[in-house]
Amino acid sequence: MVSELARRFARAELLERALTHRSAGGDHNERLEFLGDAVLGFLIREELFRRFGDASEGDLTRLRARLVRESTLADL
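In structure tokens form, the structure reads like this:
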């Protein structure tokens with residue numbers, strides 16, 4: 147799987163690290179996960195803000211929470 151995905155990444159070592167759980171030892175994904183969560187959060191907030199311009203902050207927050215929950219992301 148990694149070799150198939152690596153064809154689309156300029157730095158395959160980052161892909162390998164992103165897919166490695168810390169229980170495997172060595173380089174793992176926690177720092178990349180931290181950054182990825184922030185990027186994903188930003189992109190989702192930006193898209194919700196653009197699509198639902200009249201929505202309240204509370205409505206946007208609830209929509210974002212539904213989109214970033216683990217079960218929703220697992221479906222992607």
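The sequence shown begins at 147 in this note's numbering and counts up one residue at a time. The beta carbon of each residue, even a glycine, is placed where N, CA and C say it ideally should be.
Through-space distance from residue j to residue i, alpha-carbon basis
{"i": "R212", "j": "T218", "result": "7 angstroms"}
{"i": "L209", "j": "L161", "result": "29 angstroms"}
{"i": "R215", "j": "R154", "result": "26 angstroms"}
{"i": "E192", "j": "A184", "result": "12 angstroms"}
{"i": "E179", "j": "R196", "result": "26 angstroms"}
{"i": "A158", "j": "T166", "result": "13 angstroms"}
Enclosing alpha helix (DSSP H) for residue i [first to last residue]
{"i": "G182", "result": "176 to 197"}
{"i": "R163", "result": "158 to 164"}
{"i": "R212", "result": "203 to 214"}
Proximity of residue i and residue j at Cβ, strictly below 7 angstroms
{"i": "L194", "j": "L206", "result": "yes"}
{"i": "R168", "j": "E176", "result": "yes"}
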